[in-house]
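Mapping the sequence shown onto this note's numbering, position 202 (from 1) lands on 187, and the numbers just tick up by one. All residues carry an ideal CB built from backbone N, CA and C; glycine is no exception. Since the model is a prediction, treat every value here as computed from it, not as a measurement. Report on the structure given below.
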Amino acid sequence: MAFTIRLCPYCGGGISADGTSYYVCNECGKKTSRSRTNAKAFLLGKPYEAECSDIMTRMYADPKESLERISAMIESGEPNADFYFTRGIVLSVMGEDGKAFNDWKKGISCIEDLNNLDAYIMAISKQVMEIICTKEREFLAFKPIEYIDLLSTEFRLKSDVPCKGILYITIYRDFKMMMQSGNLDGDEDIYSSIIPKLLDKIIAYSRDFRTTVGIIEEILEDFHYNVETYAEDDNQWLHLCDMLKDAFLRLSDGFTEEQIVGVIRHWNDENMFELEYWADELMKSVSDKTILQALRRLSSSNSDNFDLDEAVEDYAKRFLLLIQKEPEPSE
Ligand SMILES: [Zn+2]
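Below you can see the structure in the form of structure tokens.
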């Protein structure tokens, strides 16, 4: 399942397909991989590719040996992003998610070729997916969303481009591929508990609404959403996503390419924080109608029967920049 994009997820620039494996942005030069699941792409063509790749292959059978080998490489020379990334991956397999985070943070700070940023995002996404699965299987405390948010902040500080949306989308893709390949058999609970959390973040932080719509459609199908029976099926959150998808499609009908790029370029990880708050409230209001009153204060509407439909419509309009009014400060 290739990842289809129409614009660069980092800057919104036009892209060219280079061969079959990745797109190249005509503006910022960043490469975006089509597969999203190649965790070793950051090593491609490097003089130590074979060595690091071997360390990563053997880390499942003998993590201690892998850790010693990569630590020796780190100690023997100048700081190298790829070595820190590799060691972080080995540490994450050993269940050391805190130490892994520190190595990835160091690795991110020494990335030299920012056009290759996407390869590092893919490597971390795959590992974060594995950490989430391990922690869930072993009933260990772990806060996936906080962990991913902290990593995306490191990527943004280094690259100066929004990275949160693409990081969440990539982790979602990793889970989906894992599910499709049968590697989550017996762990369907992990899938059904993590996907709604990832989707909430994708809704708030994906800058291309067409990507959000595509992912919502996939998830509606995966979770057997039925517009007739969602209430009995306890699928209200899916109903909300379905409403949002319809609102995006309807309101953007007839958008020019320029408008779509304008929306992407308007949003970044900082101003989307406001969207996240709003999207959260929307989700909560599905089960608690009193929250709609709070949303009404954010809204531009003066309608007397402010309901969920209107709240969703308002959110979609705000996202698509069809409302420019600043919300009232919340109490
Ligand atoms: Zn770009």
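- Judged by DSSP in its simplified three-state form, residue 96 adopts coil rather than helix or strand.
- Residue 187 places its beta carbon less than 8 Å from that of residue 157.
- When secondary structure is reduced to three states using DSSP, residue 16 falls in the strand class.
- Distance check between residue 181 and each of 168, 163, 212, 221 places 221 closest, using alpha-carbon atoms only.
- According to the DSSP assignment, residue 146 belongs to no beta strand (DSSP E), since it is labelled neither H nor E.
- Judged by their CB atoms, residue 233 and residue 198 are nearer to each other than the 8 Å cut-off.
- Counting of Cβ neighbours within 10 angstroms places residue 124 among the exposed residues, the total staying below 16.
- Assignment of alpha helix (DSSP H) within the stretch 50 to 123, counting only whole runs of 4 or more residues, yields 66 to 78, 82 to 94, 102 to 122 in chain order.
- Put simply, the stretch 32 to 46 does not touch the stretch 106 to 115. Fewer than three CB pairs are less than 8 Å apart.
- Cβ contact annotation for residue 176 (same chain, cutoff 7 Å, sequence separation greater than five): 160, 164, 169, in chain order.
- In terms of CA proximity to residue -10, 193 leads the group 75, 193, 215.
- Within the stretch 183 to 229, no complete beta strand (DSSP E) segment of 3 residues or longer occurs.
- Per the DSSP secondary-structure output, residue 296 pairs with nothing in a beta bridge.
- Three or more pairs of CB atoms, one per stretch, sit closer than 8 Å, so the stretch 60 to 79 contacts the stretch 91 to 111.
- Where residue 9 is concerned, the enclosing beta strand (DSSP E) starts and stops at 7 to 10.
- Here residue 3 carries a strand assignment [DSSP, helix/strand/coil].
- For residue 245, the uninterrupted alpha helix (DSSP H) segment begins and ends at 242 to 251.
- Exclusion of residue 247 from the 7 Å shell around ligand 1 follows from its C-beta lying no nearer than that to any non-hydrogen atom of the ligand.
- Rounded to the nearest whole angstrom, the C-alpha separation of residue 94 and residue 274 is 45 Å.
- Collapsing the DSSP output to three states places residue 35 in a helix.
- In the three-state scheme derived from DSSP, where H, G and I count as helix and E and B as strand, residue 307 is classed as coil.
- For residue 86 and residue 92, the gap between their C-alpha atoms comes out near 10 Å.
- The set of residues with a C-beta under 6 Å from any non-hydrogen atom of ligand 1 comprises -7, -5, -4, -2, 10, 12, 13, 15, given in chain order.
- Segment contact: the stretch 298 to 309 against the stretch 231 to 246, three or more CB-CB distances shorter than 8 Å; contact assigned.
- Put simply, the backbone Cα of residue 54 is about 15 Å away from that of residue 88.
- By the CB criterion at 8 Å, residue 146 and residue 228 fall outside the cutoff.
- Each residue's CA atom was taken as its position, placing residue 48 and residue 83 some 16 Å apart.
- Taking 8 Å as the cut-off, the beta carbon of residue 153 is found no closer than this to the beta carbon of residue 179.
- Rounded to the nearest whole angstrom, the C-alpha separation of residue 244 and residue 119 is 42 Å.
- Short of 8 Å from the beta carbon of residue 22, and not among the five residues preceding or following it, lie these beta carbons of its own chain, in chain order: 107, 111, 158, 159, 162.
- Here the alpha carbons of residue 265 and residue 256 stand approximately 15 Å from one another.
- Close CB contacts of residue 247 within its chain, under the 6 Å cut and outside five residues either way in sequence, are absent.
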